[in-house]
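Report on one structure; see the data block that follows.
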Amino acid sequence: MPSIKLKQSPPDSAVSIGGGVASHESARLLVRETLRISASLASSPASTILDQVVDDGCRSPQAQADSPLLPLEKEFVNSSLRLVCCEEIDGRRWKYVAERDCSGRFKRNSVRAICLESPQTPIDEVMSFVRSYVVPEGFPDSVSSSYVPYMTWRALKHFFGGAMGVFTTQSLLGSVGVSRNKSTPAAVAINWILKDGAGRVGKMLFARQGKKFDYDLKQLRFAGDLLMELGAGVELATAAVPHLFLPLACAANVAKNVAAVTSTSTRTPIYKAFAKGENIGDVTAKGECVGNIADLLGTGLSIMMSKRNPSLVTTFALLSCGYVFSSYQEVKSVALHTLNRARFTVAVESFLKTGQVPSLQEGNKQEKIFTFPWVEDRPVVLGSRFKDAFQDPSMYLAVKPFFDKERYLVTYSPSKGKVYALLKNQAKSDDILKAAFHAHVLLHSMNRSSEGTSKFREQSDPAPTIAEIESHIAESCEMVSTSYDIFRRRAAEQGWTMSESLLNPGRARICHIHQGNE
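Counted the way my numbering counts, the sequence shown spans residues 2 to 519.
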């Protein structure tokens, strides 16, 4: 509360009030009343004070300008409008003003918004409207750098997909007899329902493989798009053999529904990699909007093309090539932070050769997309069965002492030409990562001794003996003890997430059993 300074009178003088002479007691009463009014004003809400000190011109301009509340701009000094507040939306600033009456109160429905920026041109307004639908809020700062290339290729893929949908639907309707009126409406409906039902059954069966969508996201995403193209090709084939409509349409719908499950299951992890904050919902919504817009444009183009009766096979082949190429570039442009088997292999091999771990962009770019998860011909097997890793018990007895203090053990099978990492029942997430790293170190050591080739069984040289394998394992153990922590630190510096491994280890675990002959 501001202090109130009173001019003191001489001790023996009187205070003049209203033309009369008051006693010292009257002066004290006046001071007390003044202090009471000041305290009442100081404790009043801001809105009440505003009502008391700001009006539409009933007070003098100087009195309005001297108001200690909301600062008034020059254009409002002699106006009934008063500044209420300011705000910022998407980088554009606004101020809100309201009109007062002579009693000092705001009029109803008198609030006006005034933009502090220069008015947008019609083109800028249209672009702003489009951006509100196709890019997340805060773009480009709210997403990672790989968002733009991914969405570009995604839009192109949906464009080709929508265009192909028109031709495949024409083929299906023609083969079922709609265009030639050879089938009754009931028969057409039954065939169509059976076709869709088969697709739903295939979708439910394939959904059981859900965890694999996390392990090999890019590989399954691209495989799903290839399966989508296969289903579209089978649908197109129904035009050539209309009497096989039902089995072909069912097979095509199963393939397309399996592809749809793959696309849906891998969508969220991909969008999550783009989001920089708590905006995963916004990124997902805008990404799906881009896909739908591109799909509609592709559908419109194909409708115009179909009126000219082009060659179905030629048109489909061209559109299919564009779809597959766009799909490959789409998954290739995604930069994931986690280490699955493919990206882990890239990171470890680069570290063993150069001493450096590749960045997120480099590691994702070098990841092999065509290595499908169901292909088991891999040089490193993580979490394998004992019977697959050891055909000779003496090999296990020779290897076991090297890993007494570890929760895993690593070996090499001469007959299969693979490195096996077996996990103990106490193995945790970090043990799995270390076992995978050790397996690649052993593979690197074996490759170096075999002139850099990884396919040992194709060599004319005799298979390595137990003593040679034991020597390589001892060398790998020494190397892992000094380099694993360095690898983890450099991987973390590059942005790789090391705490959550997606290396898809097998479920087999080694349990310690005390035996008398050990």
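Where is the CB? At the ideal position from N, CA and C, for every residue including glycine.
Every unbroken stretch of the beta strand (DSSP E) spanning 3 or more residues and falling wholly within the region 356 to 432 is given here in chain order: 381 to 383, 409 to 414 and 419 to 424.
Taking 8 Å as the cut-off, the beta carbon of E331 is found no closer than this to the beta carbon of H441. Beta-bridge annotation (DSSP): V144 is paired with A276. Under the DSSP assignment, C290 falls in the alpha helix (DSSP H) whose first and last residues are I281 to S307. Rounded to the nearest whole angstrom, the CA to CA distance from S482 to T346 is 19 Å. If you look at C478, you'll find it in the alpha helix (DSSP H) that goes I467 to E494. For R101, the three-state secondary structure derived from DSSP is strand. In this model, L231 and T239 are separated by some 13 Å (Cα to Cα). For a cut-off of 8 Å, the C-beta gap from F317 to F160 is around 15 Å, too long to register as a contact. According to DSSP, T339 shares a beta bridge with T498.
The shortest C-alpha to C-alpha distance from P506 to any of Y397, L340, L398 and G323 is the one to L340. Counted as a single uninterrupted DSSP element, the stretch harbouring R510 is not any alpha helix (DSSP H), since DSSP gives it neither H nor E.
L443 is positioned such that its CB atom lies closer than 8 Å to that of V411.
Taking 8 Å as the cut-off, the beta carbon of A260 is found closer than this to the beta carbon of L228. Per DSSP, A238 is one residue of the alpha helix (DSSP H) stretching across L218 to A238. Within 10 angstroms of the beta-carbon of C251 lie 16 or more other beta-carbons, which makes it buried. Shortest Cα-Cα distance from K273 to any of C512, S143 and R449 involves S143.
Measuring C-alpha to C-alpha distances from V202 to each of P402, C86 and A253 identifies A253 as the nearest. Fewer than three Cβ pairs drawn from the region 303 to 313 and the region 361 to 375 lie within less than 8 Å of each other, which leaves the two stretches out of contact.
In the structure shown, A250 adopts helical secondary structure according to DSSP, grouped into three states. A distance below 7 Å between beta-carbons, with the five flanking residues on each side excluded, links K158 to the following residues of its chain, in chain order: Y324, S327, S328 and E331. Classified as exposed, E494 has fewer than 16 neighbouring CB atoms from the shown chains inside 10 Å of its CB. Residue pairing of A114 in beta bridges, as defined by DSSP: Y97. For S328, the uninterrupted alpha helix (DSSP H) run begins and ends at L313 to K333, by DSSP. Annotated as distal: A428 and T300, with beta-carbon spacing of 8 Å or more. Judged by beta-carbon spacing, V335 lies within the 8 Å limit of N365, meaning their Cβ atoms are closer than that value. In the three-state reduction of the DSSP assignment, L504 falls in the coil class, being assigned neither a helical nor a strand state. R83 is bridged by DSSP to A99. A direct Cα-Cα distance of roughly 19 Å separates T267 from W497. Per the C-alpha coordinates, the member of P402, A475, G384 and H473 positioned closest to D432 is G384.
Selection D296, K333, A343 and L337 evaluated against L320 yields D296 as nearest (Cα-Cα). Apart from sequence neighbours up to five positions away, the residues of its chain that approach A233 with a beta-carbon distance below 6 Å are M165 and T169, ordered along the chain.
Residue pairing by DSSP places F107 opposite R101 in a beta bridge. Nearest in C-alpha terms to Y413, of all of A475, F371 and E368, is A475. In terms of Cα proximity to R155, the closest of S172, P141 and V135 is V135.
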